[in-house]
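The next block holds one structure in the form of structure tokens; read it before the comments.
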Amino acid sequence: MVNPYIDMGKQPKGDNFESTLEELEGIVTKLEAGDLPLEQSLELFERGVQLSRQCQKRLDEAERKVEILVKGEDGKATPLPFEEPEEL
Numbered sequence: 008m009v010n011p012y013i014d015m016g017k018q019p020k021g022d023n024f025e026s027t028l029e030e031l032e033g034i035v036t037k038l039e040a041g042d043l044p045l046e047q048s049l050e051l052f053e054r055g056v057q058l059s060r061q062c063q064k065r066l067d068e069a070e071r072k073v074e075i076l077v078k079g080e081d082g083k084a085t086p087l088p089f090e091e092p093e094e095l
């Protein structure tokens, strides 16, 4: 039976962090409404966990890339303050 609320095998549209997060937010909204049957809520929750893990993986990868970019000549990562770009 096809569940109209969720497609467990589907990849988020665009398959990027933003679209994954958008789908996750939609699931949270549906679950918070509390008007779904238990079985559909469980399926949505499972999909939400998958999406959450995908988001966390992408964030971890981005953090590693940033650490590589800010390592000093000695190979140690040096925390640098984030500076907002100046507005023109």
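Each residue of the sequence shown is one higher than the one before, starting from 8 at the first, in the numbering used here. All residues carry an ideal CB built from backbone N, CA and C; glycine is no exception.
Would you decide whether residue i is buried or exposed? Buried here means 16 or more other CB atoms lie within 10 Å of its CB.
{"i": "residue 30", "result": "buried"}
{"i": "residue 60", "result": "exposed"}
{"i": "residue 34", "result": "buried"}
{"i": "residue 55", "result": "buried"}
{"i": "residue 58", "result": "buried"}
Have a look at residue i and residue j and give me their C-alpha separation to the nearest angstrom.
{"i": "residue 38", "j": "residue 68", "result": "29 Å"}
{"i": "residue 65", "j": "residue 25", "result": "10 Å"}
{"i": "residue 77", "j": "residue 50", "result": "41 Å"}
{"i": "residue 23", "j": "residue 43", "result": "28 Å"}
{"i": "residue 41", "j": "residue 47", "result": "11 Å"}
Can you check whether the CB of residue j is closer than 9 Å to the CB of residue i?
{"i": "residue 62", "j": "residue 27", "result": "yes"}
If you measure from the beta carbon of residue i to each beta carbon in chain D, is any gap under 9 Å?
{"i": "residue 79", "result": "Considering every chain present, this structure includes no chain D. It has just one protein chain."}
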